[in-house]
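Following this note's numbering, the residues of the sequence shown are numbered contiguously, the last one being 1793. Just so you know, even glycine gets a beta-carbon here, dropped at the ideal spot from N, CA and C. Being a predicted model, the structure only gives us computed values, none of them experimental. To keep things clear, I will list the structure first and then write my remarks on it.
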Amino acid sequence: MDNIKFKGIYSATFSLYDENMNVLKDSVRKLIEYNLKGGVSGFYVGGNTGECTVLPNKTRKQMLETVKEAAGNAQIIAHVGAGHLDDVDDLIEHANAVGVDAIASLPPSLTSYYSPEETVEYYKHLAKKSKSNVLAYITPVLKCDIMWFAKQIMAIDNVIGIKLTVPDYYLFEKIKLVNDGNINILNGPDEAMLAGLSMGADGAIGTTYNIVPVLARGIYDNFQNGDIKKALEYQHKLNRFIDVMLGGNLARWKTPLTLLGIDVGYTVSPAKIPSEDDIKDVIKKLEAAGTTEYIK
């Protein structure tokens, strides 16, 4: 079986909601339409960028349903990771009912609470419960032999690949060779998408692709066309956008969407909701960096 199901650019979709934890459906639709216009291949819903660790399942389900309605034929990956396995199972059942192209999950704990063997068992559990394919997740906080883990993961029926967020692109290349290369690798770090593609990534999932999808698409398309110089120019532009946005919470990351007339809604406490002055400051810095022209 060919495991390479996902190629291209996937937005790690922002969750947009009100103070009652109800999704702002009109805002989400506008965001999805903007992303599709910018050339994304699909959407990664409910991950870290989607505030999975702080939102109730009610809100996460509403987000998935709203994205599904708005996305047309675009691919959807539903992140189902949560703090308790009952919540994970609930989200898998919902994803099965809604109909998605794959589910994914961060490891069950970003600490050393679970052993590597227990983490593998977690992904076996997901693979059995899901009606769609499964993508695992490797990050630097996964405290184990990464190559061992990748091989164990790819031995699980229904697991097709990994969202790979590592700073070591020598390791990245070795992971891509697991399973004789029949492994769907999606690059995690936005600031190094070109590096991931050059080491064999089939595509990329990222936060910034919500806001400047045309820059992400510029990196991907030019790489595919063999124009590495042009791809690097787009990577530089994307990284100047990242320079401005680094250091703030997710509510601050959403602020450029106001340039598109999108209501970004509420933020779960204790995260600070940006003031009007905060928003103006972000926009001013993005203008100085020459990146606002790509948000339209």
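Using a Cβ-Cβ cutoff of less than 6 Å, which residues in the same chain neighbour Asn1746 once the five nearest sequence positions on both sides are dropped? Residue mapping note: residue 1746 aligns to position 249 of the sequence shown, counting from 1. If we look at Asn1746 and ignore the five residues flanking it on each side, its Cβ neighbours are Ala1768.
So Val1709 is in the beta strand (DSSP E); what residue range does that whole segment cover? For the purposes of this step, residue 1709 is taken as residue 212 along the sequence shown, with counting starting at 1. No residue range can be given for Val1709, since it is assigned to no beta strand (DSSP E) and is classified by DSSP as neither H nor E.
Hey, how far is the Cα of Tyr1531 from the Cα of Phe1669? What you label residue 1531 is simply residue 34 of the sequence shown in a count that begins at 1. What you label residue 1669 is simply residue 172 of the sequence shown in a count that begins at 1. Note on geometry: alpha-carbon atoms of Tyr1531 and Phe1669 lie some 31 Å from one another.
How many angstroms separate the CA atom of Gly1578 from the CA atom of Ala1728? Here residue 1578 is taken as the residue at index 81 of the sequence shown, counted from 1. Here residue 1728 is taken as the residue at index 231 of the sequence shown, counted from 1. So the alpha carbons of these two residues sit roughly 33 Å apart.
What span of residues does the beta strand (DSSP E) with Leu1632 cover, start to end? As a first step, residue 1632 must be located in the sequence shown, where it is residue number 135. That run of the beta strand (DSSP E) goes Asn1630 to Ile1635.
Spatial neighbours of Asp1687 within its chain, please: C-beta separation below 6 Å, excluding the five flanking residues on both sides. Numbered from 1 along the sequence shown, position 190 holds the residue referred to as residue 1687. Excluding residues within five positions, the ones whose Cβ falls inside 6 Å are Gly1703 and Thr1705.
Under 8 Å between C-beta atoms of Val1525 and Ile1574: For the purposes of this step, residue 1525 is taken as residue 28 along the sequence shown, with counting starting at 1. For the purposes of this step, residue 1574 is taken as residue 77 along the sequence shown, with counting starting at 1. Not in contact: Val1525 and Ile1574 (Cβ atoms no closer than 8 Å).
Measuring CB to CB, does Leu1674 end up less than 8 Å from Ile1635? Along the sequence shown, one-based indexing puts residue 1674 at 177. Along the sequence shown, one-based indexing puts residue 1635 at 138. Not closer than 8 Å, so no.
Rounded separation between Asp1778 and Lys1555 - CA only: Residue 1778 sits at position 281 when you count from the first residue of the sequence shown. Residue 1555 sits at position 58 when you count from the first residue of the sequence shown. Within the model, the alpha-carbon separation for Asp1778 versus Lys1555 is close to 33 Å.
Taking the continuous alpha helix (DSSP H) assigned at Leu1588, which residues delimit it? Working through the sequence shown from its first residue, we reach residue 1588 at position 91. Note, Leu1588: alpha helix (DSSP H), Leu1582 to Val1595.
Report, in whole angstroms, the separation of the C-beta atoms of Lys1502 and Ile1657, which I expect to be a contact under 8 Å. Indexing the sequence shown from 1 puts residue 1502 at position 5. Indexing the sequence shown from 1 puts residue 1657 at position 160. Right, the Cβ-Cβ distance comes to about 6 Å (below 8 Å), so this counts as a contact.
Does the stretch 1516–1525 come within contact of the stretch 1708–1721, defined as at least 3 CB pairs closer than 8 Å? Result no; under three Cβ-Cβ pairs closer than 8 Å.
On the DSSP bridge list, what partners appear for Lys1660? On the sequence shown, residue 1660 is found 163 positions in, with the first residue counted as 1. Answer by DSSP bridge pairing, in chain order: Tyr1634 and Leu1683.
Return the residue from the list Ile1672, Gly1697, Val1663 and Met1696 that minimises the CA-CA distance to Thr1685. Against the sequence shown, residue 1685 aligns to sequence position 188. Reading the sequence as shown, one finds Gly at residue 1685 and not Thr. The residue with the shortest Cα to Cα distance from Gly1685 is Val1663.
Taking C-alpha atoms, which residue in Ala1701, Leu1691, Met1696 and Ala1633 lies nearest to Leu1683? Translated into positions along the sequence shown, residue 1683 becomes position 186. For Leu1683, the closest alpha carbon among the candidates Ala1701, Leu1691, Met1696 and Ala1633 is that of Ala1701.
The beta strand (DSSP E) that contains Ile1702, what's its start and end? For the purposes of this step, residue 1702 is identified with residue 205 of the sequence shown, where counting begins at 1. Per DSSP, Ile1702 belongs to the beta strand (DSSP E) from Gly1700 to Gly1703.
Opposing strand residues paired with Val1542 [DSSP bridges]: Stepping through the sequence shown from its first residue, residue 1542 is reached at position 45. Ala1575, per the DSSP bridge assignment.
Which one of Gly1569, Gly1744, Gly1547 and His1733 has the shortest CA to CA distance from Val1443? The question about residue 1443 has no answer, for the chain in this structure spans 1498 to 1793.
Starting from Ala1599, follow its DSSP beta bridges and name the residues at the other end. For the purposes of this step, residue 1599 is taken as residue 102 along the sequence shown, with counting starting at 1. Ala1599 is bridged to Ile1574 and Asn1630.
What does the alpha-carbon distance come out to for the pair Asn1736 and Pro1613? The sequence position of residue 1736 within the sequence shown is 239, counting from 1. The sequence position of residue 1613 within the sequence shown is 116, counting from 1. Going from the Cα of Asn1736 to the Cα of Pro1613 covers about 33 Å.
What does the Cβ neighbour count give for Trp1750, buried or exposed, with the cut at 16 atoms within 10 Å? Here residue 1750 corresponds to residue number 253 of the sequence shown, with the count starting at 1. Label assigned to Trp1750: buried.
Which same chain residues end up closer than 7 Å to Gly1697 when comparing Cβ atoms and leaving out the 5 residues on each side of it in sequence? The count along the sequence shown starts at 1 and reaches residue 1697 at position 200. Within the same chain, Gly1697 has close Cβ partners Glu1670, Lys1673 and Ile1682.
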